[in-house]
Structure formats: C-alpha cells, structure tokens
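Q:
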Amino acid sequence: MSTDRFQAPDYYQLDELYTDEQKLIRDTVREYAKANISPIIEDFAQKSEYPKQLIPGLAEIGAFGPYIPEQYGGAGLDQITYGLIMQELERVDSGIRSAASVQSSLVMYPIWKYGSEEQRMKYLPKLAKGEMIGCFGLTEPDHGSNPSGMITNFKDNGDHYLLNGAKMWITNSPIADVAVVWAKNEEGRIHGLLVEKGMEGFTAPETKGKWSLRASITGELVFDNVKVPKENLLPGRSGLGAPLSCLDSARYGIAWGAIGAAMDCYDSALRYSKERIQFDRPIASFQLVQKKLAEMITEITKAQLLTWRLGVLRDEGKATTAQISMAKRNNVEMALKIAREARQIHGGMGITGEYSIMRHMMNLESVVTYEGTHDIHLLITGMDITGIPSFRNDGK
Amino acid sequence: MKILVCISKAPDTTAKIAFTDNNTAFDTNGVQFIVNPYDEWYALVRGLELKEQNGGSVTVVNVGLAENEPIIRKALAIGADEAVRINVNPTDALQTAKEIVAFAKAEGFDMVLLGKETIDYNGSQLGGMIAELMDMPYVSLASKLEMEGTTATIHRDIQGGTEVVEVTAPFVISAAKGMAEARIPNMRGIMAARTKPLKVVEGSGANASTTIANYELPPAKGECHYIDADNAAELIELLHNEAKVI
Ligand SMILES: Cc1cc2nc3c(=O)[nH]c(=O)nc-3n(C[C@H](O)[C@H](O)[C@H](O)COP(=O)(O)OP(=O)(O)OC[C@H]3O[C@@H](n4cnc5c(N)ncnc54)[C@H](O)[C@@H]3O)c2cc1C
Chain A
1 MSTDRFQAPD
11 YYQLDELYTD
21 EQKLIRDTVR
31 EYAKANISPI
41 IEDFAQKSEY
51 PKQLIPGLAE
61 IGAFGPYIPE
71 QYGGAGLDQI
81 TYGLIMQELE
91 RVDSGIRSAA
101 SVQSSLVMYP
111 IWKYGSEEQR
121 MKYLPKLAKG
131 EMIGCFGLTE
141 PDHGSNPSGM
151 ITNFKDNGDH
161 YLLNGAKMWI
171 TNSPIADVAV
181 VWAKNEEGRI
191 HGLLVEKGME
201 GFTAPETKGK
211 WSLRASITGE
221 LVFDNVKVPK
231 ENLLPGRSGL
241 GAPLSCLDSA
251 RYGIAWGAIG
261 AAMDCYDSAL
271 RYSKERIQFD
281 RPIASFQLVQ
291 KKLAEMITEI
301 TKAQLLTWRL
311 GVLRDEGKAT
321 TAQISMAKRN
331 NVEMALKIAR
341 EARQIHGGMG
351 ITGEYSIMRH
361 MMNLESVVTY
371 EGTHDIHLLI
381 TGMDITGIPS
391 FRNDGK
Chain B
1 MKILVCISKA
11 PDTTAKIAFT
21 DNNTAFDTNG
31 VQFIVNPYDE
41 WYALVRGLEL
51 KEQNGGSVTV
61 VNVGLAENEP
71 IIRKALAIGA
81 DEAVRINVNP
91 TDALQTAKEI
101 VAFAKAEGFD
111 MVLLGKETID
121 YNGSQLGGMI
131 AELMDMPYVS
141 LASKLEMEGT
151 TATIHRDIQG
161 GTEVVEVTAP
171 FVISAAKGMA
181 EARIPNMRGI
191 MAARTKPLKV
201 VEGSGANAST
211 TIANYELPPA
221 KGECHYIDAD
231 NAAELIELLH
241 NEAKVI
C-alpha cells in the first residue's frame with residue numbers, strides 16, 4: 001500500500017469539544033497506526049492473517065481496556081477516549097479494531113463488571129498488557145440474532161461444571177487464552193464462564209475463507225464435556241442482560257470505529273479526485289463527483305456529532321441500549337455507503353490493495369452484521385419508540 | 001546530567017497557510033499545532049536517551065502562552081520529567097532566546113538541546129543566540145551526539161562527508177535528522193504526564209528587536225505542459241522563449 005496520507009476531516013470543529021488529553025491520545029493512536037499498522041495491513045489482509053506482532057504495541061497505546069480502572073492494569077480513561085481509540089484503529093482496519101473491541105468490551109468489561117476480585121486480578125492486568133488474548137462466545141450455529149435460544153449448557157457436577165455445546169463466528173477464538181462463554185445452567189439461566197485454553201475437551205478451530213475482516217482471526221469454540229472449575233463462573237450477573245451489557249459497550253466502540261473507516265474512505269476519495277485527471281480536468285471538478293464527496297462529508301459530520309453526544313451520555317452513565325443501538329446502525333451503514341461511493345470515485349484503482357477502500361468495504365460487511373445486524377437494530381429502535389417488541393411474529 | 005530541551009510549536013505540516021491583519025500575522029484559524037518535529041523527534045528523544053543511559057533529568061522549556069500547553073504535555077508524555085512555560089508570546093528569535101536564558105542561566109544545565117530550525121519560520125537562530133547569551137559553545141546541525149563523561153562527540157553532516165566535533169559540557173546543540181528515532185508516546189507516558197510538573201514563569205521583559213513588515217505566499221504553481229518525448233525541439237523552444245531559462 002502507498003504511504004498513509006490520511007488527514008482527518010473535522011467539518012464542524014468538533015475538536016473544540018474534546019479535552020487536550022483526549023486529543024493527545026487520539027493523535028497518538030493515529031500516529032501509531034500510521035507508523036505501524038498502515039504499512040503492513042494490506043499484506044496481512046491479503047494473506048488472511050491477524051498481525052499478532054502488533055499486540056504489544058496496541059497494549060502500549062492503551063487499545064485494550066482503556067476505561068478499565070488502573071488498579072486492574074487499565075488506564076481508567078473516559079468513554080469518549082475509548083471511542084476515539086476505536087475510531088483511529090478502524091480508520092486503518094476494522095479487523096484491528098475488532099480485536100481491540102473484543103478484548104476491551106467483550107472480555108475485560110464482563111470480567112471487570114461481573115467477575116470476582118480474584119478473577120479480576122488474575123486476568124485483567126494480563127489482558128491489558130496483551131499478554132493474554134480473550135474472546136467472547138455468544139453466537140451459536142443456530143442462534144445468531146436470537147441468542148436467548150442458545151443450547152450451550154453446563155451442569156453442576158459437584159466440584160466443577162460440565163460444559164457442552166458450540167459457539168460460532170468468534171473473533172480471536174483460535175488465538176485466545178481465555179474465552180468468556182455464555183451458557184445455560186440446568187434451570188435454563190444464562191451465565192458467563194471463563195474457559196481457558198488447554199482445558200480438556202475444549203477446541204477452537206479457525207473459520208477459513210472469509211472475504212471480510214481478513215486481518216482478524218475468527219473461529220469456533222467447541223465444548224465436549226469440558227470440566228470448568230467452579231471459580232471460573234462470573235458471579236456478578238446472570239441472564240441475557242449480562243452478555244447484552246457487554247454488547248452495549250462493544251457497539252458503542254463500533255459506532256466510533258465506523259466513523260474512522262468512513263473518514264479514511266472519504267479522505268482518500270477527496271485526495272484521489274483532486275489528483276486524477278480525466279477529460280483534462282481533475283475528476284473533483286465534475287458535479288457528480290462533488291455530489292458524492294459533499295454527501296460523504298455531510299454524513300460523516302452528522303455521525304461525528306451523534307457519536308460525540310452519545311459519548312457524553314455514556315460518560316454520564318445515561319446512554320441507553322437503544323441510543324447505542326441507533327448509533328451503531330446509523331454509523332456502520334453510513335460507512336458502508338461511503339466506502340461504496342469512494343470505491344467508485346477511485347475507479348479501477350478502487351478495487352486494488354493500493355488503496356484501503358475495498359478492504360474497508362468488505363470489512364464493513366461484517367461490521368454491519370455482527371453485534372446485532374442492521375435490521376435487528378432497527379427492531380430495537382422500533383421497540384423503543386412503540387413499546388412493542390417485533391422480534392418474533394408468533395406472538396410469543 | 002541535567003538536560004534542557006527547547007520546544008516550539010509549529011503548524012501541522014498539512015495546515016493551510018494564510019495570513020490576516022494586512023498580511024502581517026499568520027492566520028491560526030483552523031490550524032492544528034504540533035511540537036516542532038526537529039525539537040521533538042531529535043532533540044527531545046536524544047535528550048531522553050542520554051538521560052536513560054547516564055541518569056539525570058530532562059526539562060522542556062517553551063516560550064509561549066497557555067494555548068501551547070497541549071504540545072508541552074505531549075513532550076511530557078514522551079518522557080520529559082518536567083516542563084517550564086515562560087508566559088510570553090514572543091515575536092522574534094532574540095526575544096525568545098533572552099527569555100529562555102533568563103530562566104536557564106541559574107539552573108545549571110549541562111546541555112541545551114533544540115531542533116536545527118522550526119518548520120514554519122526556518123530561522124535556525126535560537127541555538128546560536130542562547131549559546132552566546134549563556135557563554136557556552138554551540139554546535140549546530142548535529143546528526144549524532146554521544147557523551148563520555150562531560151565530553152560530547154558530535155557528528156555534523158557537511159558537504160561531501162561528516163565533521164566530527166568534540167566539546168565539553170555545558171554546551172548548546174541544534175539537532176538535525178539522524179540524531180534519534182522519533183518516539184510515539186504510550187498510554188503510561190500520557191497518564192504520567194498528567195501529574196508531571198508544568199511550571200509557568202512570567203517573562204523577564206525582553207523585547208523583540210525585529211518586526212514583521214508583511215508575509216507573502218509563494219506564487220501559485222504554474223500549469224504543467226506535457227511535451228511528447230519525441231519532441232525535444234519543442235521543449236528546447238519553450239525553455240528558451242517562454243521560460244527563458246536556457
Ligand atoms: C467476522 C465476524 C465476527 C464475529 N465475532 C463474534 C464474536 O466474537 N462473538 C460472538 O458471539 N459472535 C460473533 N459474531 C456473530 C455475529 O454477532 C452474528 O453473525 C450476528 O449476530 C448475526 O447472527 P447470524 O449470523 O446467525 O445471522 P441470523 O441471525 O441468522 O440473521 C440472518 C438474517 O436474518 C435477519 N433476521 C434475523 N432475525 C430477524 C428478525 N426477527 N426480524 C428481521 N430480520 C431478522 C438478520 O437481520 C439477518 O439479515 C461474529 C460475526 C462475524 C461475521
């Protein structure tokens with residue numbers, strides 16, 4: 001890939017709304033990403049490989065659990081800063097952001113919120129340093145949008161739990177040292193269990209042949225009579241609300257991340273359109289191209305404002321699941337549309353690895369599906385404003 | 001080893017350059033500021049490396065108003081131990097140098113490091129002025145700096161080769177490319193920077209000796225003429241009659 005010449009658009013001077021420290025951290029992550037991720041990411045995506053060598057550096061810039069309190073190895077930062085870190089990582093690649101999201105929001109968050117003090121001390125500092133990698137197992141082969149129907153389950157076997165079932169589409173599963181697994185107990189209530197690599201009967205095969213998030217590793221989690229020590233159950237919370245609260249945190253980060261991908265596509269399209277000459281003129285001088293660019297910056301600016309406000313609400317502890325859901329849906333679709341338009345502006349060059357556009361576009365096809373599909377988020381908003389859930393049409 | 005690094009603020013390299021007040025002032029509207037790269041990447045980082053090898057401390061100093069604090073915090077996040085901001089908005093190099101010296105003179109620094117120039121004004125004056133006012137030797141455009149006790153060995157890139165200079169501390173050195181590898185702050189550094197001292201001192205009242213009459217932008221780039229590779233005669237004709245360069 002050619003040199004990363006990214007310049008962040010800030011049409012409504014949102015920088016004035018951020019603190020100096022928030023900007024310093026954002027700019028640091030941007031600088032880190034330009035220097036360390038941009039030069040290698042295309043190659044790893046083409047090879048369909050997660051660039052594991054980035055893990056220590058990502059930990060150093062605070063990408064793993066930045067809002068986790070310092071006593072557990074985190075940085076104790078606010079939610080807006082977390083969002084800005086996700087934005088800068090996804091600006092380069094959604095796969096890198098996905099790995100950081102999972103580690104932060106889906107692994108560290110539940111251990112911090114619902115774990116015992118021993119569990120926190122055992123896992124969080126290592127996860128923050130990237131010395132341990134975690135994954136989050138909720139989705140199953142037959143239960144994606146409807147996780148409450150999950151069949152993965154555990155039985156109380158006296159001195160341990162016996163875990164059986166399978167999870168699918170799990171980011172980081174093949175390289176994870178610890179998996180936060182959601183499973184039902186004998187009464188059918190959902191609990192979180194910490195399953196460690198190497199436990200007998202536990203395997204995590206890789207899912208091959210993805211055309212999206214190729215620089216992120218995805219796999220299954222298979223539990224065949226796995227004996228899980230009783231102290232590995234997350235004691236703080238049970239029921240579907242427990243995993244869903246983790247999704248709130250991750251979706252919040254995705255809302256920011258998607259802006260990053262959109263900004264990169266827009267920035268690249270703007271630059272390309274000024275440099276590319278056709279009919280003796282830069283293509284940026286044609287009205288149809290300007291329309292695309294003008295719509296892009298408008299949508300990015302709206303998303304930036306929406307997400308900044310969501311960040312403020314989240315820092316005040318007031319952001320609702322439905323508000324987070326709206327931002328995730330809006331921003332990912334916005335980014336996906338911008339990626340497609342930006343690809344057109346790049347003409348044939350847009351399909352090559354010379355530019356990041358096609359990679360962003362393919363990545364975003366996962367992002368629009370995981371953490372609640374676009375349509376499921378519409379139903380969440382629909383339920384929130386009408387008071388009528390419409391996830392099922394059988395009256396149950 | 002007590003090291004002073006002078007840092008200045010510069011517009012980001014991608015900033016749009018424009019002027020206000022009848023072309024007598026730089027228009028800062030919408031401009032992002034960064035630590036002047038020569039100060040940050042080379043002078044500061046080499047200062048930190050020397051401290052890491054030999055012990056001591058690194059102080060950064062900036063002459064400027066409170067709006068400069070973000071760039072000072074960045075220097076602290078990269079690893080400086082403490083910072084001093086001299087609360088004056090300087091308008092030329094001599095004023096800046098006098099203010100830095102008024103603060104630094106009594107502090108007993110073993111060396112003063114700074115970038116070879118700022119990327120906005122490209123003045124390259126400050127190092128020489130500080131050295132003169134502190135009565136210290138000055139080595140400019142250093143691309144390598146090694147310390148052995150109190151003796152520094154300095155490499156300077158000169159026409160066709162390298163000049164190696166030795167000097168005994170205290171001294172002033174301006175840093176050029178090659179002196180160190182830029183460092184990106186890490187989260188621990190950023191968190192530590194929150195509590196590191198950033199002292200604000202009032203200026204000594206030094207005045208500027210020059211005033212800016214006005215700024216001018218370079219002429220806009222001319223249109224590019226493409227000439228067929230087979231048509232050398234046309235190229236010669238244009239260079240001779242139109243560009244009048246041959
Ligand atoms: C790359 C990648 C990484 C992932 N990482 C993780 C992970 O780390 N951990 C994890 O637990 N999961 C992960 N997932 C799983 C992801 O969350 C699910 O794919 C997602 O929830 C959708 O589930 P599904 O694929 O089973 O689709 P389905 O639920 O089968 O949906 C298929 C289609 O039907 C629509 N649909 C479903 N129900 C309704 C309804 N009631 N009304 C209208 N439309 C409906 C959906 O919107 C969608 O368009 C990942 C997925 C991908 C692709």
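Chains A and B, in that order, give the protein sequences.
Heads up, the final residue of the first sequence is numbered 396 in the UniProt record's numbering, and it's a clean run with no missing numbers.
Heads up, the final residue of the second sequence is numbered 246 in the UniProt record's numbering, and it's a clean run with no missing numbers.
Even glycine gets a Cβ: it sits at the ideal position worked out from N, Cα and C.
Determine, using beta carbons only, whether Ile190/B comes closer than 8 Å to chain A.
A: If you number the second sequence from 1, residue 190/B lands on position 190. Ile190/B counts as touching chain A.
Q: Just checking my contact of Gly219/A with Ser173/A at CB under 8 Å: how many whole Å lie between their CB atoms?
A: As a first step, residue 219/A must be located in the first sequence, where it is residue number 219. As a first step, residue 173/A must be located in the first sequence, where it is residue number 173. Sure, about 4 Å apart at Cβ, within 8 Å.
Q: For the beta strand (DSSP E) containing Ser140/B, name the first residue and the last one.
A: As a first step, residue 140/B is located in the second sequence; it is residue number 140 there, counting from the start. Start and end: 138-148.
Q: Just to confirm, does Ile170/A get its C-beta within under 7 Å of one of the non-hydrogen atoms of ligand 1?
A: Residue numbering aside, residue 170/A sits at position 170 when the first sequence is read from its first letter. It does: the Cβ of Ile170/A is within 7 Å (strictly closer) of some heavy atom of ligand 1.
Q: How is Asp224/A classed by DSSP in three states: helix, strand or coil?
A: Counted from its first residue, the first sequence places residue 224/A at position 224. If DSSP states are grouped into helix, strand and coil, Asp224/A belongs with the strands.
Q: Excluding sequence positions up to five away, which residues of its chain have a Cβ less than 7 Å from the Cβ of Glu202/B?
A: Position 202 of the second sequence, counting from 1, holds the residue named residue 202/B. Cβ neighbours of Glu202/B beyond the five flanking positions: Asn87.
Q: Where does Ser2/A sit, in a helix, a strand or coil, going by DSSP?
A: Here residue 2/A is taken as the residue at index 2 of the first sequence, counted from 1. Correct three-state label for Ser2/A: coil.
Q: According to DSSP, Gln278/A sits in a beta bridge with which residue or residues?
A: Here residue 278/A is taken as the residue at index 278 of the first sequence, counted from 1. The partner list for Gln278/A (beta bridge, DSSP) reads Arg281/A.
Q: Can you tell me the Cα-Cα spacing of Asn54/B and Pro170/B, whole angstroms?
A: Taking the second sequence and counting its residues from 1, one reaches residue 54/B at position 54. Taking the second sequence and counting its residues from 1, one reaches residue 170/B at position 170. Approximately 15 Å between the Cα atoms of the pair.
Q: Can you list, in chain order, the stretches of the alpha helix (DSSP H) that have 4 or more residues and sit fully within the segment 52-129 of chain B?
A: With a minimum length of 4 residues, the continuous alpha helix (DSSP H) runs that stay inside the segment 52-129 of chain B are 69-78, 93-104.
Q: Cβ of Gln79/A within 8 Å of Cβ of Gly311/A?
A: Here residue 79/A refers to the residue found at position 79 of the first sequence. Here residue 311/A refers to the residue found at position 311 of the first sequence. A contact, by the Cβ cut-off of 8 Å.
Q: Looking at Val92/A and Ala33/A, is the spacing between their C-beta atoms short of 8 Å?
A: Along the first sequence, one-based indexing puts residue 33/A at 33. Along the first sequence, one-based indexing puts residue 92/A at 92. In contact: Ala33/A and Val92/A (Cβ atoms closer than 8 Å).
Q: Once you ignore the five residues that flank Asn330/A on each side, which residues in its own chain have a CB closer than 7 Å to its CB?
A: The residue you call residue 330/A lines up with position 330 of the first sequence. Excluding positions up to five away in sequence, the list reads Ala303, Leu306.
Q: For a contact defined as C-beta to C-beta under 7 Å, what are the partners of Asp264/A on chain B?
A: Reading the first sequence from its first residue, position 264 is the one you call residue 264/A. Ordered by position in chain B, no residue passes the 7 Å Cβ test against Asp264/A, which lies about 15 Å from the chain.
Q: Where does the unbroken alpha helix (DSSP H) through Ala169/B begin, and where does it stop?
A: Against the second sequence, residue 169/B aligns to sequence position 169. No alpha helix (DSSP H) holds Ala169/B; DSSP gives it neither H nor E.
Q: In the segment 60-72 of chain A, which residues sit with their C-beta less than 9 Å from some C-beta in chain B, listed in chain order?
A: Here the close residues are Glu60, Ile61, Gly62, Ala63, Pro66, Glu70.
Q: Does Cys224/B come out as helix, strand or coil in the three-state DSSP assignment?
A: Against the second sequence, residue 224/B aligns to sequence position 224. Reduced to three states, the DSSP call for Cys224/B is coil.
Q: How is Asn164/A classed by DSSP in three states: helix, strand or coil?
A: For the purposes of this step, residue 164/A is taken as the residue at position 164 of the first sequence. Asn164/A falls in the strand class under three-state DSSP.
Q: Suppose the cutoff is 7 Å on Cβ atoms and the five residues either side in sequence are ignored; what does the same chain contact list for Asn68/B look like?
A: Position 68 of the second sequence, counted from the start, is the residue given in the question as residue 68/B. Closer than 7 Å at Cβ, skipping near neighbours: Lys9, Asn62, Arg85.
Q: Give the range of the alpha helix (DSSP H) segment to which Asp315/A is assigned.
A: Stepping through the first sequence from its first residue, residue 315/A is reached at position 315. It spans 287-315 - the alpha helix (DSSP H) in which Asp315/A sits, taken as one unbroken run.
Q: Can you give me the C-alpha to C-alpha distance between Thr203/A and Glu196/A, rounded to a whole angstrom?
A: On the first sequence, residue 203/A is found 203 positions in, with the first residue counted as 1. On the first sequence, residue 196/A is found 196 positions in, with the first residue counted as 1. Roughly 10 Å between the two C-alpha positions.
Q: Check distances from the C-beta atoms of the segment 97-123 of chain A to those of chain C and list, in chain order, the residues that come in under 7 Å.
A: Judged by its chain identifiers, the structure shown contains no chain C, and its protein chains are A and B.
Q: Determine whether the Cβ of Leu84/A lies closer than 8 Å to any Cβ atom of chain B.
A: On the first sequence, residue 84/A is found 84 positions in, with the first residue counted as 1. Cβ-Cβ to chain B under 8 Å: no for Leu84/A.
Q: Under the three-state reduction of DSSP, which class applies to Lys23/A: helix, strand or coil?
A: Taking the first residue of the first sequence as position 1, residue 23/A is located at position 23. Here Lys23/A sits in helix by DSSP.
Q: Out of Ala229/B, Arg194/B, Arg46/B, Val112/B, which one is the CA nearest neighbour of Leu133/B?
A: For the purposes of this step, residue 133/B is taken as the residue at position 133 of the second sequence. Comparing Cα-Cα distances from Leu133/B to each of Ala229/B, Arg194/B, Arg46/B, Val112/B, the minimum goes to Val112/B.
Q: Say whether the segment 45-58 of chain A touches the segment 213-225 of chain B, bearing in mind that this needs 3 or more beta-carbon pairs closer than 8 Å, one atom from each stretch.
A: Verdict: no, contact absent.
Q: Sorted by chain position, which residues of the same chain lie with C-beta nearer than 8 Å to Asp27/A's C-beta, five sequence neighbours on each side aside?
A: In the first sequence, counting from the first residue as 1, residue 27/A sits at position 27. Within the same chain, Asp27/A has no close Cβ partners at all.
Q: Secondary structure at Asn393/A, three-state DSSP: helix, strand or coil?
A: As a working note, residue 393/A is residue 393 in the first sequence. DSSP places Asn393/A in coil when its eight states are reduced to three.
Q: Under a CB-based cut-off of 8 Å, is Gln7/A close to chain B?
A: As a working note, residue 7/A is residue 7 in the first sequence. True, the Cβ-Cβ gap to chain B drops below 8 Å.
Q: On the DSSP bridge list, what partners appear for Ile151/A?
A: Position 151 of the first sequence, counted from the first residue, corresponds to residue 151/A. Per DSSP, none; premise fails for Ile151/A.
Q: Phe279/A: buried (16+ other C-beta within 10 angstroms of its C-beta) or exposed?
A: Sequence index remark: in the first sequence, residue 279/A carries index 279 (1-based). With fewer than 16 Cβ atoms within 10 Å of its Cβ, Phe279/A is classed as exposed.
Q: Do you know offhand how far Gly62/A's Cα is from Pro9/A's?
A: Within the first sequence, residue 62/A is the residue found at index 62, counting from 1. Within the first sequence, residue 9/A is the residue found at index 9, counting from 1. Cα-Cα distance, rounded: 24 Å.
Q: How about residue 401/A and Leu84/A: are their beta carbons less than 8 Å apart?
A: In the structure displayed, chain A extends from 1 to 396; residue 401/A sits before or after that span and is not available.
Q: List in chain order: all unbroken alpha helix (DSSP H) runs of 4+ residues lying wholly within the segment 66-150 of chain A.
A: The segment 66-150 of chain A contains these whole alpha helix (DSSP H) runs: 79-92, 94-101, 109-114, 117-129.
Q: Just the chain B side, please: which residues come within less than 9 Å of Lys197/A by C-beta, in chain order?
A: Here residue 197/A is taken as the residue at index 197 of the first sequence, counted from 1. Near Lys197/A there are no residues of chain B at all, since even the closest Cβ is about 26 Å away, more than 9 Å.
Q: Going by CA-CA distance only, name the one from Glu216/B, Leu238/B, Thr210/B that's closest to Phe19/B.
A: For this step, residue 19/B is matched to residue 19 along the second sequence. Selected option, being the one with the closest Cα: Glu216/B.
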